[in-house]
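Q: Let me begin by handing over the structure; questions about it come next.
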Amino acid sequence: MPELPEVETVRDGLARHVLGRTVVDVDVRRDYSVRRHEAGPLDFAARLTGRRLEAAVRRGKFLWLLLDEGAGRGDDALLAHLGMSGQLLVRGAHVVDARASGVTEGAVPSGPVGWVEHPHLRVRLVLDDGSALDFVDQRTFGHLSVPDLVTTPDGAPGGCGAARDVVPLPVAHIARDLLDPALDRRAVVAAMRTRRTEVKRALLDQTLVSGVGNIYADEALWRARLHGTRPTAALRATDAERLLDAATEVMTEALEQGGTSFDALYVDVNGASGYFDRSLAVYGQDGRPCRRCGTLVRRDAFANRSSYTCPRCQPRPRPRRA
DNA sequence: CATAGAACCTGTATGC
DNA sequence: TGCATACAGGTTCTAT
1 MPELPEVETV
11 RDGLARHVLG
21 RTVVDVDVRR
31 DYSVRRHEAG
41 PLDFAARLTG
51 RRLEAAVRRG
61 KFLWLLLDEG
71 AGRGDDALLA
81 HLGMSGQLLV
91 RGAHVVDARA
101 SGVTEGAVPS
111 GPVGWVEHPH
121 LRVRLVLDDG
131 SALDFVDQRT
141 FGHLSVPDLV
151 TTPDGAPGGC
161 GAARDVVPLP
171 VAHIARDLLD
181 PALDRRAVVA
191 AMRTRRTEVK
201 RALLDQTLVS
211 GVGNIYADEA
221 LWRARLHGTR
231 PTAALRATDA
241 ERLLDAATEV
251 MTEALEQGGT
261 SFDALYVDVN
271 GASGYFDRSL
281 AVYGQDGRPC
291 RRCGTLVRRD
301 AFANRSSYTC
311 PRCQPRPRPR
321 RA
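The opening position of the first sequence corresponds to residue 1 in UniProt numbering, with each subsequent residue numbered one higher.
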């Protein structure tokens, strides 16, 4: 669910609310949510307890909190991926509005502190000021872990030469994202055109350029007037550039609105929804008129999901012969 | 190596 | 009402 603008909204919230705090207790309610932590839930908790949260960093849809140097620990971080339905909620030592938290009316506040416990709470970190950081995740595709930080080689993911960087090990293969100033956009265009696939698949490939998901891919393609099934190999460089510009633009606008959310499944650290859903031109708009030409937006099956396009603004490519 | 599809899990909406 | 099916913002693993 959360794509770059939503994850960045969460990162910003964490930067403002939990940095400088120390983890005093870790409560793993569901082991599956820390399955990517190889050493298991107990080690996950042990590695976090007593550590201070120093910085909030993001690449694409991954975000992590740098940890201070623990006794005998190397460089590591609390890594989070929200998957399709993950949330990170900062719960202060006060009662949170039940509606904004996505909790039904009448939910029972839990614990002496008095905040409302979300039904899909998977992991809770209790912080030294009495607040808590809750990882909530309905579908459980998201996960938390405490991996080591590694230095990525020059010119790594996506074939984009750029400055060396330190990222958590599971992020080493993820390319820089479209809001990263160090991203080499020309290299992305070049790499995209060497792929033998369709342009929407390339846009969603996080090892080529990261941060774009199904919503913003469709929105970017509509803005660039390209059909997602266009073969990348036959794409003009100017078209590829226009597509990347469109994706950057739509994600920047979404970020300004606090991200896109259709329901309580996506919220910021305070439980509030973003407003960009009102600005979507095609995603989820099937049967409604294209705001540019009036033609009805259509939905097509795409990789166990859907793609939304304007058939007139985004003509399908001519079928190629093999 | 590159690419496409299945698998992972929980819940809601829709149709019969 | 009950039940079956389709679908949902993503990534990793596996098979070609």
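Positions of the beta carbon are idealized from the N, C-alpha and C atoms, including for glycine.
1. What does the alpha-carbon distance come out to for the pair residue 310 and residue 300?
2. For the beta strand (DSSP E) that contains residue 89, what are its first and last residues?
3. How long is the line joining the alpha carbons of residue 15 and residue 56, rounded to whole angstroms?
4. Cα separation between residue 280 and residue 211?
5. Counting only runs of 4+ residues fully inside the segment 169-249, write out the alpha helix (DSSP H) ranges in chain order.
6. Do you know how far the Cα of residue 293 is from the Cα of residue 312?
7. Can you grab the Cα-Cα spacing for the pair residue 178 / residue 264, in whole Å?
8. Does DSSP classify residue 281 as helix, strand or coil?
9. Would the beta-carbon of residue 198 fall within 9 angstroms of that of residue 230?
10. If you run the structure through DSSP and keep just helix, strand and coil, what is residue 135?
11. With 16 as the cutoff for other CB atoms within 10 Å, does residue 182 come out buried or exposed?
12. When we look at the beta-carbon of residue 103 and count the other beta-carbons within 10 Å, is it buried (16 or more) or exposed?
13. On the three-state DSSP scale, how would you describe residue 309?
14. Verify whether the separation of the beta carbon atoms of residue 83 and residue 139 is less than 9 angstroms.
15. May I have the straight-line CA-CA distance separating residue 252 from residue 215, to the nearest angstrom?
16. Would you mind giving the Cβ-Cβ distance between residue 47 and residue 76, rounded to the nearest angstrom? I have them listed as a contact below 8 angstroms.
17. Determine the burial state of residue 176: buried for a count of at least 16 other Cβ atoms within 10 Å of its Cβ, exposed for fewer.
18. Under a three-way DSSP split, which group does residue 120 fall into?
A: Per the coordinate set shown:
1. Between residue 310 and residue 300, the C-alpha separation is close to 11 angstroms.
2. In the DSSP assignment, residue 89 falls within the unbroken beta strand (DSSP E) covering 86-91.
3. Straight-line spacing of the CA atoms in residue 15 and residue 56 works out to 5 angstroms.
4. When the Cα atoms are used, residue 280 and residue 211 turn out to be separated by approximately 17 angstroms.
5. Listed in chain order, they are 185-194, 199-204, 214-223.
6. The alpha-carbon atoms of residue 312 and residue 293 are separated by roughly 8 angstroms.
7. Going by the C-alpha atoms only, they are around 27 angstroms apart.
8. Coil at residue 281, not helix or strand.
9. Closer than 9 angstroms, so yes.
10. In the three-state DSSP reduction, residue 135 falls in the strand class (E or B).
11. The residue is exposed, with fewer than 16 neighbouring Cβ atoms inside 10 Å.
12. Note that residue 103 scores a pLDDT of 42, beneath 50, so its modelled location is shaky; the value from the coordinates is reported in the next line. Classification of residue 103: buried, given that the 10 Å Cβ count is 16 or more.
13. DSSP places residue 309 in strand when its eight states are reduced to three.
14. In this structure, the beta-carbon distance from residue 83 to residue 139 falls below 9 angstroms.
15. Cα-Cα distance, rounded: 14 angstroms.
16. Correct: roughly 7 angstroms between the Cβ atoms.
17. Buried, because 16 or more other Cβ atoms sit within 10 Å of the Cβ of residue 176.
18. Assigned with DSSP and collapsed to three states, residue 120 falls in coil, not helix or strand.
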